[in-house]
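Engineer:
2 protein chains.
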Amino acid sequence: MNIYSFICPVKPRDQHKTAQIFAATLLLVRENGLSGITMSEIAKAAKIATGTLYIYFENKETLINELFTECRKSSVAIYFEGYHAEMPFKEGFRIVWNNLLQFRIDHFEKAVFMDQCYHSPFITETTKELTKKMIHPLFKLVETGKAIKALKELDNLMLLTYMVGGINEYVKRSKYSAKKITKQDAMHLFNLCWDGIKA
Amino acid sequence: MNIYSFICPVKPRDQHKTAQIFAATLLLVRENGLSGITMSEIAKAAKIATGTLYIYFENKETLINELFTECRKSSVAIYFEGYHAEMPFKEGFRIVWNNLLQFRIDHFEKAVFMDQCYHSPFITETTKELTKKMIHPLFKLVETGKAIKALKELDNLMLLTYMVGGINEYVKRSKYSAKKITKQDAMHLFNLCWDGIKA
DNA sequence: CAAATAAATGAATAAATATTCATTTAAAAA
DNA sequence: TTTTTAAATGAATATTTATTCATTTATTTG
Numbered sequence: 055m056n057i058y059s060f061i062c063p064v065k066p067r068d069q070h071k072t073a074q075i076f077a078a079t080l081l082l083v084r085e086n087g088l089s090g091i092t093m094s095e096i097a098k099a100a101k102i103a104t105g106t107l108y109i110y111f112e113n114k115e116t117l118i119n120e121l122f123t124e125c126r127k128s129s130v131a132i133y134f135e136g137y138h139a140e141m142p143f144k145e146g147f148r149i150v151w152n153n154l155l156q157f158r159i160d161h162f163e164k165a166v167f168m169d170q171c172y173h174s175p176f177i178t179e180t181t182k183e184l185t186k187k188m189i190h191p192l193f194k195l196v197e198t199g200k201a202i203k204a205l206k207e208l209d210n211l212m213l214l215t216y217m218v219g220g221i222n223e224y225v226k227r228s229k230y231s232a233k234k235i236t237k238q239d240a241m242h243l244f245n246l247c248w249d250g251i252k253a
Numbered sequence: 055m056n057i058y059s060f061i062c063p064v065k066p067r068d069q070h071k072t073a074q075i076f077a078a079t080l081l082l083v084r085e086n087g088l089s090g091i092t093m094s095e096i097a098k099a100a101k102i103a104t105g106t107l108y109i110y111f112e113n114k115e116t117l118i119n120e121l122f123t124e125c126r127k128s129s130v131a132i133y134f135e136g137y138h139a140e141m142p143f144k145e146g147f148r149i150v151w152n153n154l155l156q157f158r159i160d161h162f163e164k165a166v167f168m169d170q171c172y173h174s175p176f177i178t179e180t181t182k183e184l185t186k187k188m189i190h191p192l193f194k195l196v197e198t199g200k201a202i203k204a205l206k207e208l209d210n211l212m213l214l215t216y217m218v219g220g221i222n223e224y225v226k227r228s229k230y231s232a233k234k235i236t237k238q239d240a241m242h243l244f245n246l247c248w249d250g251i252k253a
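In order, the protein sequences belong to chains E and Z.
Residue numbering for the first sequence follows our numbering, beginning at 55 and increasing consecutively.
Residue numbering for the second sequence follows our numbering, beginning at 55 and increasing consecutively.
(1) Starting from the C-beta of L195(E), find all residues in its chain whose C-beta is less than 8 Å away, skip the five residues before and the five after it, and write them out in chain order.
(2) Which stretch, first to last residue, makes up the alpha helix (DSSP H) that contains S94(E)?
(3) Check whether the Cβ atoms of S129(E) and M168(E) lie closer than 9 Å to each other.
(4) Go ahead and pull the three-state DSSP assignment for K127(Z).
(5) Starting from N113(E) and walking both ways along the alpha helix (DSSP H), at which residues does that stretch end?
(6) Using Cβ-Cβ distances below 7 Å, what residues of the stretch 117 to 143 of chain Z are close to chain E?
(7) Taking only beta-carbon positions, decide if R84(E) is within less than 9 Å of chain Z.
(8) Could you check where the alpha helix (DSSP H) with D160(Z) kicks off and where it finishes?
(9) If we define contact as Cβ-Cβ less than 9 Å, is E179(E) a contact residue for chain Z?
(10) Is L208(E) helix, strand or coil when you go by DSSP?
(11) If we count the other Cβ atoms within 10 Å of its Cβ and call it buried at 16 or more, is N56(Z) buried or exposed?
(12) Is there a Cβ of chain E sitting closer than 9 Å to that of T79(Z), yes or no?
(13) Taking the alpha-carbon positions, what's the L243(Z) to F111(E) distance?
(14) So is V150(Z) in contact with chain E if we call contact Cβ pairs under 9 Å?
(15) Count the CB pairs spanning the stretch 73 to 87 of chain Z and the stretch 155 to 167 of chain E that are closer than 8 Å, and state whether there are at least three.
(16) Would you tell me roughly how many angstroms separate the C-alpha atoms of G199(E) and F143(E), rounded to the nearest one?
(17) For V218(Z), return the contacting residues in chain E, with the cut-off set at a CB-CB distance below 7 Å.
(18) Along the stretch 226 to 241 of chain E, what residues have a CB closer than 9 Å to any CB found in chain Z?
(19) Taking DSSP as the reference, what is the three-state secondary structure of N56(Z)?
(20) Per DSSP, what kind of secondary structure is K226(E) in: helix, strand or coil?
(21) Would you mind giving the Cβ-Cβ distance between N119(E) and T181(E), rounded to the nearest angstrom? I have them listed as a contact below 8 Å.
(22) Drop a sphere of 10 angstroms on the beta-carbon of Y216(E), count the other beta-carbons inside from all chains shown, and report buried for 16 or more, exposed for fewer.
(23) Look at I336(Z) and L117(Z) and say whether their C-beta atoms are less than 9 Å apart.
(24) Check for me: the alpha helix (DSSP H) holding H173(Z) runs from which residue to which?
(25) Taking just the CA atoms, how far does L121(Z) sit from K206(Z)?
(26) Our contact map puts L246(E) next to G220(E) with C-beta atoms below 8 Å; I'd like the distance itself, whole angstroms only.
(27) Are the beta-carbon atoms belonging to G90(E) and L82(E) less than 9 Å from one another?
(28) Beta carbons nearer than 7 Å to chain E: which residues of the stretch 155 to 187 of chain Z have them?
(29) If you drop the 5 nearest sequence neighbours on each side, which residues of the same chain put their C-beta closer than 8 Å to that of Q156(E)?
(30) I'd like to know whether the C-beta of G87(E) is nearer than 9 Å to at least one C-beta of chain Z.
(31) Counting only beta-carbon separations shorter than 9 Å, does K206(E) have a partner in chain Z?
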């Protein structure tokens, strides 16, 4: 009997290899779409045998759900880097907004993957609920903004989707036209957003 | 020899049945994602035999490419309904904006399908180029807006993606939370957009 | 070091899915 | 009505892809 049986219900895994598998999957999804990936291709791209994949993940569904959760987690972790509640609201908002943009630029493949997962049959209800909770801090941010009259008194969802939607779409189209997004572009884009949502 | 051999290179098809197939595909993609559809399921949902599907479409790739093109065409056709170049700019812009929103509400399944296709391995370069040209009128619209100093002097892509991205994301999230979008919501959302992009 | 245990392999199998085609049914022409 | 042609069918086949497992390789323990 393994000592982990009591301490940890999950079998310990080589973190490096897990990361390799995740990276390979993201790469392939960006290149071929969620409907274009196969387990053997993932294994090949991760430089492991197909069988090894099944040591790390029970099946394809599990792999995709775990990767989705990991992507959400890592994205939210970045969103609030450098943010402090005591900052003037606009300054804090700009930091979060910039982090949102930067995440999508730096980890485009994660953004693409999460996008694709939205309508996929792979993501389970459990994963959906779990990852929904993770973005709660964003809702809190816009709520604060409304409370101090910095933002328009509108539905949270509306403010957030307008903020996020514009970034998403711009980064997506820019990547496809091989356009590099400059600091100045980012500033202009922020102003578009801010002028729209400020009270 | 069939008279169409010279007049039209494409075999004439029962329009009604083609529409049935398209509708079935859109329904299934909305429900199960692009990676979750099979040819036999499409046939079943369209109430025809699998073999019949292959009379209408050479293969799965062709079916999806033709449907994508059809979705783009029908969307752009709607965008400029009621718009006239002689209108005051903001009025015309509002009409197009509203049509964009309304299309995504009324034909959500088409929006989902097109979204999914973006990163899919099915859509060929030819289709991408073809459909890219179709959205040219939207670029012209924002260009006009800039020319008369109604819109900020920013990159076309930036203005357009910010306009479209917000709508996309809002409709998407609303549908998933089973939220009905009211006329008032639409007005608020328009103001978010307009306040952001106006000069 | 040898023995025992764990991890990795990838060819083989099972399951799912695209595509075909011999046959049937419907429509048009004679 | 009979003959000819076109359209539709869906079971059968081919292909692709998920998953398994007997075997090999690496690691840990005594």
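Don't be surprised by glycine CBs; every beta carbon is placed ideally from N, CA and C.
Structural biologist: According to the structure shown:
(1) G146, F147 and V150
(2) M93 to A99
(3) yes
(4) helix
(5) Here N113(E) belongs to no alpha helix (DSSP H), and DSSP marks it neither H nor E.
(6) none
(7) yes
(8) F143 to D160
(9) no
(10) coil
(11) With a pLDDT of 31 at N56(Z), under the threshold of 50, the modelled position of this residue cannot be trusted, and the question is left open.
(12) no
(13) 43 Å
(14) no
(15) Here the stretch 73 to 87 of chain Z makes no contact with the stretch 155 to 167 of chain E; the two share fewer than three CB pairs at distances below 8 Å.
(16) About 7 Å.
(17) In chain order: E223.
(18) K226, R227, S228, Y230, S231, K233 and D239
(19) With a pLDDT of 31 at N56(Z), under the threshold of 50, the predicted position of this residue should be treated as unreliable, and no value is reported.
(20) helix
(21) 5 Å
(22) By the neighbour-count rule (16 or more Cβ atoms within 10 Å), Y216(E) is buried.
(23) Nothing can be reported for residue 336(Z): it is not among the residues displayed for chain Z, which extend from 55 to 253.
(24) Unbroken run through H173(Z): none, as it is neither H nor E.
(25) 36 Å
(26) 7 Å
(27) yes
(28) V166, Q170, H173, S174 and P175
(29) I132
(30) yes
(31) yes
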